[in-house]
Amino acid sequence: MTTPAKDTFAVFGTTAVLLVTEPAALARARAIADAELAAVDLACSRFRPDSELSRLNKSGGELTLVSELFAALISEALRAAELTGGDVDPTCGQALAAAGYDRDFGEIRAGDRTFAVTARAVPGWRSVWLDASTPAVRLARGAQLDLGSTAKAWASDRCAGLITDTLACGVLVSLGGDIAVAGPPPGGGWRVRVTDDHAAGPEADGQTVTIRSGGLATSSTTVRAWTAGGAARHHIIDPATGEPARSPWRTVSVTAASCADANIASTAVIISGESAPGWLAQAGLPARLVRHDGTVERTPGWPASSENPAIGT
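Numbering follows my numbering, in which position 35 of the sequence shown is assigned residue number 35; successive positions increment by one, without gaps.
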């Protein structure tokens, strides 16, 4: 049995992992991923003045022509908002900046922010008008987009699909822990270590699971976290308050038919709070939820331990 080949690299201010079942295909797979991820970054980076997102956020409510790629990314963000009743909302851009996340996260790690921070109202996802046929976008009510809640997971699915379609091999793409797999998996499936921090070593508290198709996403309030104005902050905004969500869960991992769907659910769970396990069970989504004291809750379909780790078929 051939061991999958692996490449690890930096992208989107986080770590990417690429695995392919055919070692000879690794270089070509990386080239496909690099091209696609560069295009996504140019479309929707909040921290690039030349990105389409920056241009749209400065449009002052005017109808703005956009690329098909950027339109697809916005469409995915609006789908997430509709599926979650607005809990995962792409118009949190100003609220994130007000909370202190106003530059690349690597720069935020440098130290405490001393300015006072205040909650910023979230205009709401219905303030975004998308004409996918042109394509063009208009932002109403002063909305400012941030696609961080959906873009990475969408890009993971996109890269995995393109690579397997082009190279006819099995592939796993992880972008900061947003994992998509496509094509024939290795024998026994893809083994994934689920922890608070995707970059943590195997000794970190967590669980090893195995997936064969679809995606797995983890949302956490412990990794992209900082202090601003003397208060602890994190990157998951509750649209109802315009502030980082006050959640009973520090980390939520979900598996679904796609990485995008898994990520939408894991993010929504952080925001929705105690009602989340019932919602996940009703939706048929296997999940692992970790409280701040380390207590773990699982929904049906998620393995009880690493001894029998398979999720799905």
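Where a beta carbon is used, it is the ideal one built from N, C-alpha and C, also for glycine.
Assigned exposure category for residue i - 16 Cβ within 10 Å defines buried
i	result
Asp50	exposed
Phe68	In the sequence under discussion, the amino acid at residue 68 is Glu, which differs from the Phe named in the question. Burial call: exposed.
Gly142	exposed
Arg158	buried
Gln144	buried
Glu62	exposed
Pro309	buried
Asp146	buried
Ser174	buried
Contact with chain C by residue i, beta-carbon distance below 9 Å
i	result
Ser275	Among the chains in the structure shown there is no chain C, since it carries only a single protein chain.
Nearest candidate by alpha-carbon position, reference residue i, set the options
i	options	result
Thr267	Ala143, Leu37, Asp178 and Phe9	Asp178
Leu289	Val20, Ser219, Pro185 and Ala5	Ser219
Asp34	Trp125, Ala265 and Phe9	Phe9
Ala319	Leu162, Ser156 and Pro186	Because the chain is modelled from 1 through 313, residue 319 falls outside the range shown and cannot be assessed.
Thr255	Val269, Ser247, Ala24 and Ala38	Val269
Ser149	Ala71, Val88 and Ala283	Val88
Trp154	Pro135, Gly176 and Ser133	Gly176
Trp302	Pro286, Val296 and Asp293	Pro286
Residue(s) in a DSSP beta bridge with residue i
i	result
Ala182	Val171
Ile237	Pro244
Reduced DSSP category for residue i - H, G, I as helix; E, B as strand; rest coil
i	result
Trp154	helix
Val88	coil
Gly214	strand
Phe12	coil
Val17	strand
Gly206	strand
Pro4	coil
Thr313	Since pLDDT at Thr313 reaches only 48, below the 50 mark, its modelled position is unreliable, and the value read off the structure follows with that caveat. In this structure, Thr313 counts as coil in the three-state DSSP scheme.
Range of the contiguous beta strand (DSSP E) that encloses residue i
i	result
Thr274	Looking at the sequence itself, residue 274 is Glu, so the reference to Thr does not match. Unbroken run through Glu274: none, as it is neither H nor E.
Arg193	Trp190 to Thr195
Glu297	Val296 to Arg298
Ser253	Trp249 to Ala256
Range covered by the alpha helix (DSSP H) that runs through residue i
i	result
Arg138	Unbroken run through Arg138 is the beta strand (DSSP E), Ala136 to Leu139; no alpha helix (DSSP H).
Val122	Unbroken run through Val122: none, as it is neither H nor E.
Pro40	One detail in the question is off: residue 40 reads as Val in this sequence, not Pro. Segment Leu26 to Cys44, the alpha helix (DSSP H) holding Val40.
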